[in-house]
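The structure appears right after this line, and notes come after that.
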Amino acid sequence: MEVVQTVNDVRKALLSARKSGTVIGLVPTMGALHAGHEALIEAARRKCGVVVVSIFVNPLQFGPNEDYQRYPRALVKDLGICRRHGADIVFNPSVDEMYRTPQLTFAEVTRVSEDLCGKFRPGHFRGVATVVLKLFNIVRANRAYFGEKDMQQLAVIRRMVADLNVPIEIIGVPTVREADGLAISSRNEYLNPAERRVAPVLYHALQEAAGRIRSGERDAAKVRETAMAILRAEPLMRVEYVEIVDPSEIQPLSTISGPVRIAAAVWIGGTRLIDNVGN
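Following my numbering, the numbering of the sequence shown begins with 231 at its first residue and continues without gaps.
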């Protein structure tokens with residue numbers, strides 16, 4: 231496995247693969263790798279001749295009161311995970327390497343980014359789309375792998391690629407969960423033992439709401455209230471949002487007439503958790 235820090239070096243490392251027509255897979259990450267990231271790397275390994283994992287904590291997607299400085303960083307552990315799961319190249323640039331001059335150009339996907347997390351984290355998805363587009367241009371991979379836990383992010387990336395004719399295939403990989411249902415996330419590390427015990431209530435609430443749809447309920451407000459009632463009953467949880475949305479443009483629905491995603495964000499103490507399920 232080769233570890234590179236510069237744009238020039240990652241391009242050089244991929245030169246022979248590109249010339250030979252080898253399929254290149256990219257797994258963009260912010261590090262603090264866990265089983266969810268392992269699933270992404272393994273999915274890329276199964277289908278791609280060369281697997282590139284990027285590890286970069288992107289300052290553009292953090293708001294002024296968010297946890298950029300606190301975000302977990304564990305490069306030595308991350309490199310071991312990449313090696314064990316078959317990565318060929320790890321691209322680990324510095325902030326100065328990715329943003330050599332003040333960024334004046336941004337990628338912004340309107341509509342898809344405006345509800346759910348976008349409503350509570352202004353500028354977040356602009357930062358995500360911008361860094362992902364930069365990574366696509368730097369690595370020039372054939373495929374890129376993203377987790378379905380970050381459903382809105384995945385929809386933003388899909389729409390950006392479609393609208394801007396970016397020549398890359400976007401692959402969504404199912405959410406990886408703990409045995410009790412909690413979606414695996416780097417931010418789970420912030421939970422104290424009491425908070426961790428109640429965290430699976432989020433997934434339970436989403437499952438119950440999905441069950442209402444499977445039972446025939448088509449009023450989105452009633453489905454939403456099923457989840458809200460469960461979440462409000464947990465004293466340690468503060469609900470940021472629960473919404474039933476269409477999967478492509480992430481627009482809240484009033485009537486359910488086809489596939490939907492039930493998405494939620496909650497705060498447990500100082501930790502923000504997101505999750506979603508389909509019907």
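A virtual CB, placed ideally from N, CA and C, is assigned to each residue, including glycine.
What you are looking at is a predicted structure, and each value in this text was computed from that prediction instead of being measured.
Cβ shell of residue i (< 7 Å), same chain only, five flanking positions each side left out
i, result
"residue 259", "267, 283, 284, 285"
"residue 358", "291, 383, 386"
"residue 233", "309, 320, 322"
"residue 447", "453"
"residue 431", "460, 461, 464, 467"
"residue 353", "293"
DSSP beta-bridge partners of residue i
i, result
"residue 376", "402"
"residue 302", "DSSP, once it has assigned bridges, lists no residue as partnering residue 302."
"residue 321", "234, 284"
"residue 328", "Residue 328 pairs with nothing; no bridge assigned."
"residue 259", "285"
"residue 503", "496"
"residue 219", "The displayed coordinates of the chain run from 231 to 509. Any statement about residue 219 would go beyond what the structure contains."
"residue 511", "This structure cannot settle anything about residue 511, because the visible part of the chain is limited to 231 through 509."
Proximity below 8 Å, CB of residue i to CB of residue j
i, j, result
"residue 328", "residue 364", "yes"
"residue 456", "residue 442", "yes"
"residue 360", "residue 425", "no"
"residue 412", "residue 429", "yes"
"residue 375", "residue 265", "no"
"residue 373", "residue 253", "yes"
"residue 400", "residue 406", "no"
"residue 503", "residue 450", "no"
"residue 403", "residue 377", "yes"
"residue 368", "residue 315", "no"
"residue 293", "residue 351", "yes"
"residue 345", "residue 481", "yes"
"residue 303", "residue 262", "yes"
"residue 499", "residue 422", "yes"
"residue 440", "residue 471", "no"
"residue 256", "residue 409", "no"
Status (buried if at least 16 other CB within 10 Å, exposed otherwise) for residue i
i, result
"residue 340", "exposed"
"residue 473", "buried"
"residue 288", "buried"
"residue 392", "exposed"
"residue 326", "exposed"
"residue 306", "exposed"
"residue 505", "buried"
"residue 433", "buried"
Close Cβ partners of residue i (< 6 Å) along its chain, the five nearest in sequence each way excluded
i, result
"residue 348", "355"
"residue 379", "405, 413"
"residue 497", "468"
"residue 275", "281, 316"
Neighbourhood of residue i by C-beta, 8 Å cutoff - its chain only, sequence neighbours within 5 removed
i, result
"residue 477", "381, 385, 489, 490, 491, 508"
"residue 438", "456, 457, 460"
"residue 231", "309, 312, 313, 317, 318, 319, 320"
The ligand SAH heavy atom lying under 7 Å from the CB of residue i
i, result
"residue 348", "Looking at this structure, you won't find the ligand SAH or any other ligand, since it has none at all."
- Query: Do three or more CB pairs link the stretch 451-468 to the stretch 385-399 at distances below 8 Å?
  - Reply: no
Worksheet entry | Contact the stretch 332-339 vs the stretch 243-261: 3+ CB pairs below 8 Å | no
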